[in-house]
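Visitor: Numbering (this note's numbering), first residue to last: 1077 to 1332.
By construction, the Cβ of each residue, glycine as well, lies at the ideal position given by its N, Cα and C atoms.
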Ligand SMILES: [Zn+2]
């Protein structure tokens, strides 16, 4: 499965700086004082990159040519696991909301590349310990089940010790709107006993955000919500057993 077309077809203009204002100022606040240059891997349409570019020497890297058109800093069209730039050419490697989208082999390659490009720091932001099954959708054409925003994995702060053994974590924090975790056992049961269009309740995702493209067959469709009492019961039960957590996890690391 290659997601390249999905990201070319994605409506990048919908992702705007105003939606991420608070997050961007937190990112800038956390960047160490001795950082002058940054490589932003998986920069998308430059919503963060362009702001970083106002005070740092920044190169944005993304595999979507469509997204890169909106990036105003230096930029490079490349996949996160193969970036043709010299070793240690940036003070900090930065990557925001990329790692959760990567398959195992690409993730390993992306980690290798961000290690190789950065001289001193690595700064990663990902969704905070989310359960990607919570936003499961089933394609009505090919029946493939996938996470609506294409998140394939989730991360806890402790995962970064294992992923970056050559670095020490200098700070982590969670940030953003508090969203409810979904208990994985409850989700498994819910997905077994309720129809796919009832998996994501209306209050999680309004009708206008239900447009999606299947990563397997590229069928574009609106995943309309269908009320189901069992699914709704599971959601209510989950509210009792699962906590709310801030949506984002920020991890700043320094070479040992
Ligand atoms: Zn499909």
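Which partner residues does residue 1158 have in the DSSP bridge list?
Guide: Position 82 of the chain shown, counted from the first residue, corresponds to residue 1158. Paired residues: 1155.
Visitor: Do residue 1107 and residue 1168 have their CB atoms nearer than 8 Å?
Guide: On the chain shown, position 31 is the one that residue 1107 refers to. On the chain shown, position 92 is the one that residue 1168 refers to. Cβ atoms of residue 1107 and residue 1168: closer than 8 Å.
Visitor: Going by other Cβ atoms of all chains shown within 10 Å of its Cβ, with 16 needed for buried, is residue 1151 buried or exposed?
Guide: Stepping through the chain shown from its first residue, residue 1151 is reached at position 75. Answer is buried; the Cβ neighbour count reaches 16.
Visitor: Report buried or exposed for residue 1296, applying the criterion of at least 16 other Cβ atoms within 10 angstroms of its Cβ.
Guide: Against the chain shown, residue 1296 aligns to sequence position 220. Exposed, by the Cβ-count rule.
Visitor: Kindly examine ligand 1 and report whether one of its heavy atoms sits closer than 7 Å to the Cβ of residue 1293.
Guide: Taking the first residue of the chain shown as 1, we reach residue 1293 at position 217. Within the cutoff, so yes.
Visitor: Can you list, in chain order, the residues of its chain whose CB lies under 6 Å from that of residue 1209, leaving out five sequence neighbours each side?
Guide: Within the chain shown, the letter at position 133 stands for residue 1209. If we look at residue 1209 and ignore the five residues flanking it on each side, its Cβ neighbours are 1263.
Visitor: In the DSSP assignment, what are the bridge partners of residue 1201?
Guide: The sequence position of residue 1201 within the chain shown is 125, counting from 1. Bridge partners of residue 1201 according to DSSP: 1172 and 1326.
Visitor: What does DSSP give as the partner residue(s) for residue 1113 in the beta ladder?
Guide: Residue 1113 sits at position 37 when you count from the first residue of the chain shown. 1133.
Visitor: When the Cα atoms are used, what is the spatial distance from residue 1154 to residue 1202?
Guide: Taking the chain shown and counting its residues from 1, the one referred to as residue 1154 is at position 78. Taking the chain shown and counting its residues from 1, the one referred to as residue 1202 is at position 126. Approximately 20 Å between the Cα atoms of the pair.
Visitor: Cβ of residue 1126 within 8 Å of Cβ of residue 1103?
Guide: The residue you call residue 1126 lines up with position 50 of the chain shown. The residue you call residue 1103 lines up with position 27 of the chain shown. No, the Cβ-Cβ distance between residue 1126 and residue 1103 is not below 8 Å.
Visitor: What residue range is occupied by the uninterrupted beta strand (DSSP E) comprising residue 1251?
Guide: Start at 1 with the first residue of the chain shown, and residue 1251 comes out as number 175. Run containing residue 1251: 1243 to 1256, per the beta strand (DSSP E) assignment.
Visitor: Considering just the uninterrupted stretch of the alpha helix (DSSP H) at residue 1126, what are its terminal residues?
Guide: Counted from its first residue, the chain shown places residue 1126 at position 50. Segment 1125 to 1128, the alpha helix (DSSP H) holding residue 1126.
Visitor: Would you say residue 1240 and residue 1310 are within 8 Å of each other, going by their C-beta atoms?
Guide: Position 164 of the chain shown, counting from 1, holds the residue named residue 1240. Position 234 of the chain shown, counting from 1, holds the residue named residue 1310. No, the Cβ-Cβ distance between residue 1240 and residue 1310 is not below 8 Å.
Visitor: Whose CA, out of 1324, 1243, 1280 and 1143, lies closest to the CA of residue 1088?
Guide: In the chain shown, residue 1088 corresponds to position 12, counting from 1. For the residues 1324, 1243, 1280 and 1143, the minimum Cα distance to residue 1088 belongs to 1143.
Visitor: Rounded to the nearest angstrom, what separates residue 1220 and residue 1289 at their Cα positions?
Guide: On the chain shown, position 144 is the one that residue 1220 refers to. On the chain shown, position 213 is the one that residue 1289 refers to. When rounded, the distance between both Cα atoms is 11 Å.
Visitor: Return yes when the C-beta of residue 1217 is under 7 Å from any heavy atom of ligand 1, and no when it is not.
Guide: Within the chain shown, the letter at position 141 stands for residue 1217. Yes, the Cβ of residue 1217 comes within 7 Å of a heavy atom of ligand 1.
Visitor: Under a three-way DSSP split, which group does residue 1086 fall into?
Guide: Within the chain shown, the letter at position 10 stands for residue 1086. Of the three classes helix, strand and coil, the one that applies to residue 1086 here is coil, per DSSP.
Visitor: Using three-state DSSP, classify residue 1298 as helix, strand or coil.
Guide: What you label residue 1298 is simply residue 222 of the chain shown in a count that begins at 1. Per DSSP, reduced to three states, the secondary structure at residue 1298 is strand.
Visitor: So what's residue 1165 in DSSP terms, helix, strand or just coil?
Guide: As a first step, residue 1165 is located in the chain shown; it is residue number 89 there, counting from the start. Residue state, collapsed to three classes: coil.
Visitor: Does the beta-carbon distance from residue 1114 to residue 1175 come in below 8 Å?
Guide: On the chain shown, residue 1114 is found 38 positions in, with the first residue counted as 1. On the chain shown, residue 1175 is found 99 positions in, with the first residue counted as 1. Contact: no.
Visitor: Measure from the alpha carbon of residue 1272 to the alpha carbon of each residue in 1255, 1298, 1256 and 1294, then state which is nearest.
Guide: For the purposes of this step, residue 1272 is identified with residue 196 of the chain shown, where counting begins at 1. Per the Cα distances, 1298.
Visitor: Which same chain residues, not among the five before or five after residue 1195, have their C-beta less than 7 Å away from its C-beta?
Guide: In the chain shown, the residue the question calls residue 1195 occupies position 119. Correct list, in chain order: 1164, 1166 and 1167.
Visitor: Buried or exposed: where does residue 1218 fall if 16 or more other Cβ atoms within 10 Å of its Cβ makes it buried?
Guide: Translated into positions along the chain shown, residue 1218 becomes position 142. When all chains shown are included, residue 1218 counts as exposed.
Visitor: Does ligand 1 have a heavy atom nearer than 7 Å to the CB of residue 1220?
Guide: Walking along the chain shown from the start, residue 1220 turns up at place 144. Checking every heavy atom of ligand 1 against the Cβ of residue 1220, one is found closer than 7 Å.
Visitor: For the alpha helix (DSSP H) containing residue 1264, name the first residue and the last one.
Guide: Residue numbering aside, residue 1264 sits at position 188 when the chain shown is read from its first letter. Run containing residue 1264: 1260 to 1269, per the alpha helix (DSSP H) assignment.
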